[in-house]
Amino acid sequence: MPRSKKVSAVSTGSKKTPNSYIRWSKNPDWTWTIVAKLQEDDTFRRALFSDSITEAKKENRPIQKNKVQLIQLHAELAEHTFAEDPEMKALYHTDKSCFATSVGSWIASLKSDYKTFQNKLGATGAGLEVGEAVEGSEIYNRIAQKFPWYDEFHGWWWEHPSLNPIGITNVVSATSDEHRDALQNLFDSRNSDEGDEDDKEKTGISVADADACIGSPDWGVSFGNEKDGDGFEAEEEMHEENEDESLPGLHASPSLTIGGGCATPFPDLPIPTCFPSLSTSSSTKKHKAPTPDLPTVSPGMAGAKKKHSKKRDALVVFGDMAESDASALKHKTDIHAQIQIEKICAREHEAKEQIAAEEHQHKRQLEAEEHRAKAD
């Protein structure tokens, strides 16, 4: 993003403390100097911002632990930032600790601004990944105006859960999509051509042949409580001739008998089914219909499923589904635990930084009091 013109650092106010001259918002070039330092030194940047677990795993390297106090990093960054500005360099050497504290406060302010901007983007569902804002677009112009270092800091912070919850939400969402696809593949495999080929081998009837049939013998179908059977029983009533010529090969009034013998007529609803391998003589036979554990074929193929049809145990199918659900739940739990760990680490890091700053301030006060006491 474009840099702004430098503004004089020296305040015209009456205060003479070095801190009154450090005007970050009026001198964006200082921030650009910090950005350049962080881009050139990855080790320094990870120590300053805390190494990301996600980034470390992605780069296949161990997590870098910070063994240096933040106040020391801020002091090093302050010396680097103001080294090329003669006016500020002179002030820096008068009170180095003041400049180090100012750098730490400005970085905290940048984090706060970035998080606020990310939350505003998230409210509209526009969570952006690195490089997604196109130069010249409305969103890019808004970012450039309010936060000109967005591209650089977004590249470092967009996966940090305490700064950008949008990135983590996208990860969880992607995981949910993968879980959904896995379940879909499971059902597809259960209803694939594997079962159809097995049916063709055992019955001699293919799916295409069954679906191509447009006529069939007359059928009355009953669903009873057969003690010695494990599925529904289909009773075939085949007739050579039909008195109703308008419905060839079908009963004029087919019926459906359920359980205790209650018949429900369907005079206007013929049930076309195809059994080309059956005899057309007048006889009554019984064939096993497929178990209702899991649908395996289209309704047009139902009649071709004789007692030799392959049955798929529902316990096996739902066992596979439960295993897949457990795996997905474990994956989500791991992600949640990782997020919580990073949040805890970030809070501890901020607490240590605050304690160090307070200790340093207290030390400075004691030194000032001792200096005044000696002067008196």
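Residue numbers are given in my numbering: position 195 of the sequence shown equals residue 197, and the series is strictly consecutive. Think of the CB as a built atom: it goes at the ideal place given N, C-alpha and C, for glycine as much as any other residue.
Look at the alpha carbon of residue i and the alpha carbon of residue j, and state the distance between them as a whole number of angstroms.
i, j, result
"His310", "Lys332", "No answer about His310 holds up, because its pLDDT of 47 lies below 50 and its placement is not dependable."
"Glu42", "Ala353", "28 Å"
"Ser326", "Glu344", "27 Å"
"Cys100", "Ser22", "10 Å"
"Leu72", "Asp153", "24 Å"
"Asn24", "Lys148", "Residue identity check: residue 24 is Ile in the sequence provided, not Asn. Straight-line Cα distance between these residues: approximately 20 Å."
"His351", "Ser114", "16 Å"
"Glu86", "Thr45", "23 Å"
"Glu372", "Asp378", "10 Å"
"Lys376", "Leu50", "38 Å"
"Pro88", "Ala370", "27 Å"
Once you ignore the five residues that flank residue i on each side, which residues in its own chain have a CB closer than 6 Å to its CB?
i, result
"Phe84", "Met90, Lys91, Tyr94"
"Gln363", "none"
"Arg47", "Leu40"
"Val105", "His76, Leu79, Ala80"
"Ala176", "Here Ala176 scores only 40 on pLDDT, less than 50, and its place in the model should not be relied on; the value that follows carries that caveat. Closer than 6 Å at Cβ, skipping near neighbours: no residue."
"Pro301", "Any reading at Pro301 must be qualified, since the residue scores a pLDDT of 49, below 50, and its modelled position is unreliable; no value is offered."
"Phe155", "Tyr116"
"Asp211", "In this prediction, Asp211 scores a pLDDT of 49, lower than 50, which makes its location untrustworthy; the coordinate-derived value is nonetheless stated afterwards. Once the five neighbours on either side are set aside, Asp211 has no close Cβ partner at all."
"Thr35", "Thr83"
"Glu355", "Leu72"
Considering only the alpha carbon of each residue, which of the options lies closest to residue i?
i, options, result
"His76", "Leu40, Leu368, Arg25", "Leu40"
"Ser27", "Glu355, His156, Asn143, Ser107", "Ser107"
"Trp32", "Gln340, Arg48, Ala80", "Ala80"
"Lys98", "Arg366, Arg374, Glu372", "Arg366"
"Ala359", "Lys334, Ala110, Ser329, Ile346", "Ala110"
Could you tell me the boundaries of the alpha helix (DSSP H) in which residue i lies?
i, result
"Glu154", "152-159"
"Trp26", "Neither: Trp26 is in no alpha helix (DSSP H) and is coded neither H nor E."
"Glu86", "Glu86 -> no alpha helix (DSSP H), and no H or E assigned at all."
"Phe46", "44-51"
With a threshold of 8 Å on Cβ separation, who are the neighbours of residue i within its own chain once the five nearest residues in sequence on each side are excluded?
i, result
"Gly321", "none"
"Phe119", "Ile145, Lys148, Phe149, Tyr152"
Considering only heavy atoms of the ligand HEM, does any lie closer than 7 Å to the CB of residue i?
i, result
"Ile343", "As for the ligand HEM, it is missing from this structure, which has no ligand bound."
For chain E, find out if any of its Cβ atoms is closer than 8 Å to the Cβ of residue i; answer yes or no.
i, result
"Ala38", "The chain labelled as chain E is not found in the depicted structure, where only one protein chain is given."
Using C-beta distances below 7 Å, list every residue in its chain close to residue i, excluding the 5 sequence neighbours before and after it, in chain order.
i, result
"Ala102", "Ile73, His76, Ala77, Ala80"
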